[in-house]
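To convert a position in the sequence shown, counted from 1, into the numbering used here, add 463.
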Amino acid sequence: MKPTQPQADFHALTCKHPAFVGGFGTGKSETMANQAFMDASVSSSALIGLYEPTYDLVRLIMAPRIEEKLQQYGIRYKYNKSENIIYSSNNQFGDFILRTLDNPARIIGYETYRSHVDEIDTLKEEKAQEAWI
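Here it is in structure tokens:
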């Protein structure tokens, strides 16, 4: 799938904290999944954090998108649904940890190569602030 020009511009950014902001249907979640996939291709030791507001969104949006990309590129993987971790079986590709932002205090105990947040505008402002701190 060819990215739109704004998506391609986003993927080319080199700043520390890039943001892809757009309205409904502009491909924000797809852009995040594509960038996460590119980040995981850096190293087999790369752990990529993917964050959604709720577990429903993890299960319905993010996990299927990442699985689709792994299948598309022929990368073997195992999705541990109870831990919400997608382990790649490729010695040149990292893993994905999928978490929610409904309780930011639980986002502890691991380090990521890069993290991506989706739908943060749907969180209550207090929870969004907690996630950034």
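For every residue, glycine included, the Cβ atom is placed at its ideal position computed from N, Cα and C.
Bear in mind the structure is a predicted one, so any value in this text is a computation, not a measurement.
Three-state secondary structure (DSSP) at residue i?
i	result
K541	strand
S492	helix
V521	helix
T575	coil
F559	strand
I596	coil
In the DSSP assignment, find the alpha helix (DSSP H) that holds residue i and state where it starts and stops.
i	result
E531	A526 to Q535
D472	Q468 to H474
Could you tell me the distance, in whole angstroms, from the CA atom of residue i to the CA atom of residue j?
i	j	result
K587	I538	37 Å
G488	D581	13 Å
K544	K465	30 Å
D472	V521	26 Å
S507	S551	8 Å
L533	K590	31 Å
P469	E515	22 Å
Y518	I596	21 Å
N554	C478	28 Å
I524	Q535	17 Å
G461	K541	Because the chain here runs from 464 to 596, residue 461 falls outside it and cannot be looked at.
I570	G486	27 Å
Smallest Cα separation from residue i: which of the options?
i	options	result
Y573	L564, D565 and I560	I560
H480	E589, I529 and R577	R577
L510	M495, F556, A496 and T494	F556
Q498	H474, L513, G485 and G512	H474
D565	M495, Q592 and I529	Q592
F500	N547, A526 and T467	A526
I583	I549, F483 and V505	F483
So residue i is in the beta strand (DSSP E); what residue range does that whole segment cover?
i	result
G512	L510 to E515
I549	I548 to S551
Taking 7 Å as the cut-off, is the CB of residue i close to at least one heavy atom of the ligand GTP?
i	result
H480	The ligand GTP is not part of this structure, which contains no ligands at all.
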